[in-house]
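Protein chains in written order, with the numbering used here: chain H, 1 to 231; chain G, 232 to 820.
Just so you know, even glycine gets a beta-carbon here, dropped at the ideal spot from N, CA and C.
As structure tokens, the structure follows; a few thoughts come after it.
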Amino acid sequence: MIRKASHPPKLHAHKRAVIIYSRYERFWHWSQALLIFILAFSGFAVHGSHHLMNFRMAVNVHTVAAILLILLWVFTTFWHFTTGQWRQYLPQLAKLPAIIKFYALGILRGAPHPYAKTLGRKQNALQSLAYLYFMVLIGPALWSSGIVYLAYPLWADWAIGTIGLPSVAFIHTAAAFLMVIFVFIHVYMTTTGKTLTHYIKTMITGYDTIEITPVEEAYLKEAEPRRLVNP
Amino acid sequence: MRTIRHWLAAIGFGFALAMAGSAFSVKADDTAYERPEGKPAAELPHVRLPVEGQGHGTLQGGTGDHSKMEALKGPFADTAAVTKACLSCHTEAGKHILKTTHWTWEFKNKNTGQTVGKQHVINNFCTNAKGNEGMCAQCHIGNGWQENTAYDFSRQDNIDCLICHDRTNSYYRLPQTHGHDACGVMFEGKQPIDFAKVAQNVGTPTRDNCGSCHYNGGGGDGVKHGDLDSSLNDPPKALDVHMAKDGGNFACTKCHVTDQHNIAGGHYQMVARDTTGTGKPGQTRNVATCESCHGMSPHEKTELIGIQLNTHATRVACQTCHIPEMARGGVATMIDWDWATAGKMKDGKGYFEEEYKQGDGKERHTYWTIKGDFKWGENVKPSYKWFNGDFLYTMPETQFDPAKAPIAINEVLGDPRDPKSRIWPFKEMHTNQPYDAGNNTLAFNHLWGKDDTAYWGNFNMEKSIAAGMMQAGRPYSGKLGYIRTVSNWPITHMVAPKQDAMKCVECHAADGRLAGLPGVYMPGRDHFRWLDILGFLGLGLTILGITVHGVLRYVMVPRPGEETGVKAAADKATADKRTEDTAKKEKKS
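Spelled out as structure tokens, the structure:
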């Protein structure tokens with residue numbers, strides 16, 4: 001079903017409001033957003049970039065939030081593979097130039113988005129590439145270095161006189177900068193929908209109006225009626 | 232008022248007369264022996280009465296009552312007679328004592344190869360015991376050590392048992408030789424010692440016993456150590472959790488465990504990192520480390536911060552966080568001494584000034600003719616250094632480069648790459664002291680004695696240094712200079728209650744207490760300069776980029792119900808439908 005739907009919209013496709021972000025996906029997104037905000041805030045406090053939170057508190061908060069985020073990611077990874085949603089992030093490099101051109105130029109001229117959301121491909125090529133980069137590069141760099149950092153008590157003796165700890169700190173800090181940059185761009189991009197808040201509303205309610213084929217509609221009516229606004 | 236009184240006193244008596252003794256006396260918290268007319272006669276340092284019930288090491292209770300023992304009936308003529316009586320029962324104690332550092336004043340450090348100890352080193356307080364034994368050896372646990380005479384370290388009958396074991400608070404020691412006449416009144420006002428009474432009341436040493444010497448190192452209460460002064464006789468819990476009555480009420484020997492009179496925990500060689508902890512069940516480890524009681528993971532193991540703090544102990548000494556400041560008990564510690572200003576006279580006689588009033592109200596010397604200028608500190612933040620337990624002393628024969636002053640009296644050895652090293656707190660004592668400017672060595676000073684070279688009485692540094700060097704058997708170029716020196720005193724007492732332990736940010740900050748300490752990455756203190764620059768630059772460019780993009784969108788993109796020429800031109804075909812019903816048209820560029 002999903003694989004089929006990843007093809008371009010069918011001729012008879014028509015627009016209708018459908019839940020494109022499932023309840024779990026939205027829970028994942030928003031709890032992740034909150035945790036990343038907390039982690040960035042407390043993390044840069046630990047780093048000494050600001051002093052809005054005392055060090056001890058920052059360490060505690062950062063550690064707890066990190067453990068929660070790791071748990072969330074473990075579960076979400078599981079979710080991606082069991083639901084097949086991981087395919088959403090397969091690169092579509094051929095479609096990339098059009099998207100980049102759109103955000104660089106077209107959007108300023110009021111051109112329509114060259115990509116139409118479908119059930120099987122909720123993100124455009126640039127977007128899914130960004131998320132892929134988030135999930136396979138920034139995320140793992142952070143959690144792997146973070147876990148090693150957190151487990152410092154286990155290798156503290158070994159670390160004496162080595163560059164172990166500074167190396168871990170370097171990777172963690174570098175990835176944290178990339179994460180913050182990602183978040184800034186991501187939040188800005190949410191304003192590029194039909195209205196400034198359209199994408200955010202979509203991520204809250206799960207509903208968006210997308211091209212849907214009669215086949216897909218029939219399937220949803222039959223199998224997942226709750227995903228249709230007016231079944 | 233006080234200075235006027237001193238001054239009047241100075242006029243009233245000639246210098247010679249003053250030195251002859253009527254005008255000077257000992258002052259409990261000072262090095263010494265001189266007191267201007269009008270100053271109250273002082274008491275011995277341990278003026279605060281000993282606190283009862285202090286806990287010792289494994290020695291508790293006791294099975295003999297010394298007051299019932301035949302050998303201690305007395306009367307005794309002197310300390311030596313008491314010692315003889317002690318040794319008649321404690322047959323092995325004398326042999327044990329003869330091996331201890333308290334007796335030998337000598338310590339061989341196998342790691343550095345140096346032979347140190349008060350017999351040998353030069354410090355930066357009164358600089359040297361050698362040549363001044365009559366005065367300085369008051370704190371040696373033997374009798375009869377005099378200047379310019381070989382002391383017989385094999386004679387058990389010279390041991391002074393009482394200075395450590397007196398429990399009546401009435402025993403005291405006298406200088407072993409005469410100084411200038413001033414010494415005649417050193418202990419004026421003190422009651423004669425009732426040796427029989429003292430002997431019949433001996434017991435395990437309590438804090439005041441040890442403190443009678445160790446509080447007064449450097450010449451007065453709190454002068455030397457910073458974490459050892461008379462405030463520890465009866466400290467509030469905020470000052471010392473271990474020694475407070477309502478805390479542990481520990482006697483010194485609770486931690487400084489003793490094996491055959493050999494007391495653990497001397498500073499000549501320390502255990503900078505204890506990896507053994509409490510040892511086997513029931514084992515008494517012969518060390519004075521925190522870990523020997525508190526174990527290897529004293530912080531809450533179920534808390535995140537607790538786990539991190541336990542790990543800190545790999546690299547940070549317990550004392551570093553748990554003794555946030557020293558000299559907190561109302562007694563100041565000396566932090567700076569300038570010998571170069573010693574010898575000034577007022578109307579031909581010596582004088583002192585007391586411009587520093589410490590927490591307990593007592594005034595401390597800020598100038599004294601016999602010693603020079605002093606600076607004091609209370610609630611002092613220690614200095615922090617990597618420490619492996621050893622010091623490298625600048626020995627009397629060590630030549631140094633005066634350009635590299637301050638010269639370390641005892642260099643703290645340690646390395647961040649060495650697992651045995653940890654970050655330790657130290658009191659730094661800074662002194663400007665006489666040295667041999669020809670040979671570039673530290674100098675022995677002959678301060679004490681009833682002769683025409685002793686500085687205390689003659690006030691001629693050229694002569695006293697020449698005499699000191701000769702007494703010590705050191706070559707002297709004859710060229711007297713003054714050099715800045717620094718000595719390092721490990722801080723380990725005055726452990727604060729846990730809620731008063733140092734806050735993380737004291738060190739985890741760019742300008743914190745460990746700023747500049749090499750060899751370790753500390754979040755909050757350290758960052759990778761270029762990474763931070765690149766990171767924030769990248770973030771800045773990102774924000775700039777989205778701002779520009781946003782502004783362009785605001786300016787160029789038609790709002791619903793609007794259409795621009797650009798848009799119409801670019802997307803005529805696809806956009807027509809959407810803009811068909813646009814009521815109003817406005818042009819923007």
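Quick check: what's the CA-CA separation for Tyr219/H versus Arg227/H? 11 Å
With a threshold of 8 Å between beta carbons, is Thr542/G in contact with chain H? yes
Report yes if the CB atom of Ala864/G is closer than 8 Å to the CB atom of Gln407/G, and no otherwise. The structure shown does not extend to residue 864/G, since chain G is modelled only from 232 to 820, so the question has no answer here.
Name the residues in the region 46 to 65 of chain H whose C-beta lies less than 7 Å from a C-beta of chain G; which are they? Val46, His47, Gly48, Asn54, Phe55, Arg56, Val59, Asn60 and Thr63
Taking Val782/G as the reference, give the member of Ala151/H, Ile210/H, His198/H and Tyr188/H with the closest Cα. Tyr188/H
Taking 8 Å as the threshold (beta carbon to beta carbon), is Thr795/G in contact with chain H? Only weak support exists for where Thr795/G lies, its pLDDT of 49 falling under 50; the value from the coordinates is given anyway. Yes, its Cβ sits closer than 8 Å to a Cβ of chain H.
Going by the CB atoms, is the gap between Asn464/G and Arg438/G shorter than 8 Å? yes
Please classify Gln127/H: does DSSP put it in a helix, a strand, or coil? helix
Range covered by the alpha helix (DSSP H) that runs through Pro97/H: Leu96 to Lys101
Could you run through the region 170 to 202 of chain H and flag, in chain order, every residue whose CB is less than 7 Å away from some CB of chain A? Although the question refers to chain A, the structure presented lacks it and instead comprises the protein chains H and G.
Indicate whether at least one CB of chain G lies closer than 8 Å to the CB of Leu108/H. yes
In three-state DSSP terms, what is Ser614/G? strand
Assign Leu783/G to one of three DSSP states: helix, strand, or coil. helix
Which residues of chain G have a Cβ atom closer than 9 Å to the Cβ of Gly161/H, listed in chain order? Asp646, Pro647, Arg648, Asp649, Pro650 and Gly750
Spatial neighbours of Tyr207/H within its chain, please: CB distance less than 6 Å, with the 5 preceding and 5 following residues excluded, ordered by chain position. Ala17 and Ile19
Could you give the C-beta distance for Arg398/G and Asn363/G, rounded to a whole number, given that I count them as a contact under 8 Å? Their Cβ separation, rounded to whole angstroms, is 30 Å, which puts Arg398/G and Asn363/G out of contact at 8 Å.
With distance defined between alpha-carbon atoms, name the residue in His456/G, Cys521/G, Trp599/G and His371/G nearest to Cys395/G. His371/G
Within chain H, partners of Arg386/G - CB distance below 8 Å: Under the 8 Å cutoff, chain H gives no residues; its nearest Cβ is about 48 Å from Arg386/G.
Count the other CB atoms within 10 Å of the CB of Gly112/H; is the residue buried (16 or more) or exposed (fewer)? The displayed chain sequence assigns Pro, not Gly, to residue 112/H. Label assigned to Pro112/H: exposed.
When you compare the CB of Ile536/G with every CB in chain H, is at least one pair closer than 8 Å? yes
Is the distance from the Cβ of Ala40/H to the Cβ of Met179/H below 8 Å? yes
Drop a sphere of 10 angstroms on the beta-carbon of Phe244/G, count the other beta-carbons inside from all chains shown, and report buried for 16 or more, exposed for fewer. Note on Phe244/G: pLDDT 38, under 50, position unreliable in the model; no value is reported.
Extract the residue ranges of the alpha helix (DSSP H) inside the region 615 to 695 of chain G, only unbroken runs of 4 or more that lie entirely within it. 686 to 689
For Met700/G, decide whether its Cβ has a neighbour in chain H, counting only Cβ atoms nearer than 8 Å. no
So, Gly410/G versus Ala703/G, is the Cβ gap smaller than 8 Å? no
Between Tyr752/G, Ala741/G, Ile774/G and Gly747/G, which lies nearest to His50/H when the distance is taken from Cα to Cα? Ala741/G
Taking 8 Å as the threshold (beta carbon to beta carbon), is Phe356/G in contact with chain H? no
Distance check for Leu745/G and Gly84/H, CA to CA, integer angstroms please. 52 Å
Minimum length 4: unbroken alpha helix (DSSP H) runs contained in the region 175 to 210 of chain H: 198 to 205
Positions along the region 463 to 482 of chain G whose CB lies within less than 7 Å of some CB in chain H: none
Can you give me the start and stop residues for the alpha helix (DSSP H) that Ala223/H sits inside? Pro214 to Ala223
So what's Val168/H in DSSP terms, helix, strand or just coil? helix
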